[in-house]
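See structure below.
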Amino acid sequence: MMKKRILTGDRPTLDSFHLGNYVGSLKNRVKLQDEYETFIFIADLHSLTTHFDKTADLEKNIRGLMLGYLSVGLDPKKVTFFLQSKIPEIVEIAYYLSVLTSRSVIARQPALKEKLDSGAQDTVGLFYYPILMAADILTPKANLVPVGKDQKSHVEFSRDIAIKFNNLYGEVFPIPEPLIGDVPTLIGTDGKAKMSKSLNNAIYLSDSADVVEKKVMGMYTDPTRIRATDPGHIENNPVFIYLDAFGSTSSPQVEQEVNDLKKRYTVGQVGDIEVKKYLVQILNNFLDPIRKKRAEYEKNPELVEQILKEGTEKARKEAQKTLDEVKRAMKLDYFTSDSE
Ligand code: ATP
Ligand code: MG
Numbered sequence: 156m157m158k159k160r161i162l163t164g165d166r167p168t169l170d171s172f173h174l175g176n177y178v179g180s181l182k183n184r185v186k187l188q189d190e191y192e193t194f195i196f197i198a199d200l201h202s203l204t205t206h207f208d209k210t211a212d213l214e215k216n217i218r219g220l221m222l223g224y225l226s227v228g229l230d231p232k233k234v235t236f237f238l239q240s241k242i243p244e245i246v247e248i249a250y251y252l253s254v255l256t257s258r259s260v261i262a263r264q265p266a267l268k269e270k271l272d273s274g275a276q277d278t279v280g281l282f283y284y285p286i287l288m289a290a291d292i293l294t295p296k297a298n299l300v301p302v303g304k305d306q307k308s309h310v311e312f313s314r315d316i317a318i319k320f321n322n323l324y325g326e327v328f329p330i331p332e333p334l335i336g337d338v339p340t341l342i343g344t345d346g347k348a349k350m351s352k353s354l355n356n357a358i359y360l361s362d363s364a365d366v367v368e369k370k371v372m373g374m375y376t377d378p379t380r381i382r383a384t385d386p387g388h389i390e391n392n393p394v395f396i397y398l399d400a401f402g403s404t405s406s407p408q409v410e411q412e413v414n415d416l417k418k419r420y421t422v423g424q425v426g427d428i429e430v431k432k433y434l435v436q437i438l439n440n441f442l443d444p445i446r447k448k449r450a451e452y453e454k455n456p457e458l459v460e461q462i463l464k465e466g467t468e469k470a471r472k473e474a475q476k477t478l479d480e481v482k483r484a485m486k487l488d489y490f491t492s493d494s495e
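Structure (structure tokens):
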């Protein structure tokens, strides 16, 4: 039986992933790479919507994200990595989807609204991005899309547009499902917004042990707690959220220690500093093997580039096949020669 397909991707707005990207999406990709035929793309076209003035960083960021994929254990023998801008078929398919899409549906997209609220410029490109994203998902005929909760609405829109296309022109696209990670939205170190590459509230998978320590020691905890003897709150406290996400699941012993800290924190028997020091240890234990792997691949940039190039070639062939099917279904295959 043919394996089902995964498609998911990341914006190269920076050269590293953060803890939120990991628990929201990367972790599921690693887990499912044997079971699914996995396509992962670097969404450089999507970066342009908010970072059109930072194109000089793109190449470095793309290399950094590739290192990130390989360092968390995505296996290039199993996963097809590709670069969005090298697959013009996606943009063409997006256009065909756009003529089926009402402006009002896009205007209501929660993810688009969030971007505008956080200061993104209201360009035509930004408005078009949910359609491009549907084309990203539908072009490789994905069945499953592992994403954080912030992107769930995009997968839902992709489903709607796939259904509409299939009803109008015949079955071309499978209907994709979102798969949300263990932690749907990881909060940032500021305790306010979602951890994000662009908000200066992230711990990166490539951060050194010292940087992790500095960031954790400066983290927001429970604002109602002034002294270590005050009873503390663990809900919505990012220190405990990170302990649960990166500690509790790692071993029964750590789970026990985290539970013990939670109890003591609630009754005012442990200070923030002790809890934070413990978190530094947990995060560095989690990050150490990732850092090591990244350093190995960093020594071999040609190999990393080769992996991306080969993946892009393979993904392009798939995209060409889908585009042909799309045009045939839409009866747009007029005046094509037999050799095409
Ligand atoms: P940017 O700020 O540039 O948009 P980002 O951190 O939001 O960066 P993306 O490249 O947009 O990262 O998203 C990559 C993947 O990580 C997506 O699947 C997204 O849903 C997921 N993700 C991003 N931030 C979080 C978070 N804080 N918690 C859980 N998942 C997240
Ligand atoms: Mg994002």
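Counting from 156, one number per residue, gives the positions in the sequence shown under our numbering.
All C-beta atoms, glycine included, are put in the ideal place defined by N, C-alpha and C.
Boundaries of the beta strand (DSSP E) harbouring R160: R160 to D165, taken from the DSSP string.
With 5 Å as the limit, the residues whose C-beta approaches a heavy atom of the ligand ATP more closely than that are D165, R166, T168, G175, N176, G179, S180, V302, G303, D305, Q306, T340, L341, K349, M350, S351, K352 and S353, in chain order.
In summary, P378 is exposed, with fewer than 16 beta-carbon neighbours lying within 10 Å of its beta-carbon over all protein chains present. Rounded to the nearest whole angstrom, the C-alpha separation of A262 and G280 is 13 Å.
Rounded to the nearest whole angstrom, the C-alpha separation of L271 and G373 is 29 Å.
When the beta-carbon positions are compared, L222 and R449 come within less than 8 Å of each other.
When rounded, the separation of the alpha-carbon atoms in L458 and L229 is 15 Å. For E192, the uninterrupted beta strand (DSSP E) run begins and ends at E192 to I197, by DSSP. According to DSSP, residue pairing for E332 in a beta bridge involves L299. Secondary structure note for T421: its alpha helix (DSSP H) is the uninterrupted segment P407 to T421. In the structure shown, the three-state DSSP call for F312 is helix.
CA-CA distance, P444 to Y359, rounds to 14 Å. Rounded to the nearest angstrom, the Cβ distance from D199 to L238 is 6 Å, consistent with a contact under 8 Å. Inter-residue distance for E269 and F236 is about 28 Å (C-alpha atoms, whole angstroms).
Remark: three or more beta-carbon pairs, one from each stretch, lie closer than 8 Å, so the stretch 288-295 and the stretch 247-263 are flagged as touching.
The beta carbon of K370 lies closer than 8 Å to those of T344, I358 and D362 in the same chain, with the five residues before and after it left out. Going by DSSP, L238 is part of the beta strand (DSSP E) stretching over V234 to L238.
In this structure, DSSP gives K454 a state outside helix and strand, which the three-state scheme calls coil. Beta-carbon to beta-carbon, E480 and V246 are separated by about 17 Å, too far to satisfy the 8 Å threshold. Counting only the Cα atoms, K158 lies some 32 Å from E453. Between I195 and P167, the beta carbon gap of about 12 Å keeps them out of contact (Cβ cut-off 8 Å).
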